[in-house]
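Take 3 as the starting number for the sequence shown in the numbering used here and just add one per residue. All C-beta atoms in this analysis are idealised placements derived from N, C-alpha and C, irrespective of residue type, glycine included. A quick note: this is a predicted structure, and the numbers were derived from the prediction, not measured.
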Amino acid sequence: MNIALRTLLCGLTLPALAALPAAAQSIDVLPDELKALYTDNIPVGPSAYDGFEMPAQPWKWCHSESYMGNPWRVSMTNELERLVNGAIEAGVVESFELSDSNGDVTQQIAQIRAFIDK
3 MNIALRTLLC GLTLPALAAL PAAAQSIDVL PDELKALYTD NIPVGPSAYD GFEMPAQPWK
63 WCHSESYMGN PWRVSMTNEL ERLVNGAIEA GVVESFELSD SNGDVTQQIA QIRAFIDK
């Protein structure tokens, strides 16, 4: 079978497989030799956040970094701050706070707790 035909068949088959109903994707429908490969199967239950309601705007945006020593992290944080500043201008967010624990897990936990306590 040539590559173009295989690519076409894969392109048609994968969306069809993805569209299968969730019930058909259950472990129960697998042959026994495949079922044996699945261990510690935990059924998904209702979410603990089903009744969650967002607090009223404007929100406080707190961002905790574990380490800012990489240029890509600095760039990501600068971009996040730019986006949050846009939300501040729109009145959706009232403030942006950033913490950097510099690789100290205990300090980062304390910083996050301080964010929550505000």
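- Its Cα nearest to that of Ser101, the residue Ile118 stands out among Glu91, Ser28 and Ile118.
- Pairing Met78 with Phe98, the inter-Cα distance amounts to about 15 Å.
- Gly93 sits away from Pro57, with the two beta carbons spaced by 8 Å or more.
- Ser49 is not a Cβ neighbour of Ile114, given a cutoff of 8 Å.
- Counting only runs of 3 or more residues that sit fully inside the stretch 80-110, the beta strand (DSSP E) segments are 95-102, in chain order.
- Straight-line measurement puts the Cα of Tyr69 at about 10 Å from the Cα of Val107.
- For Lys62, the secondary structure class from DSSP, reduced to helix, strand or coil, is strand.
- Burial check for Val86: the Cβ neighbour count within 10 Å reaches 16 or more, so the residue is buried.
- Distance from the CA of Thr41 to the CA of Gly53, rounded to the nearest whole angstrom, comes to 31 Å.
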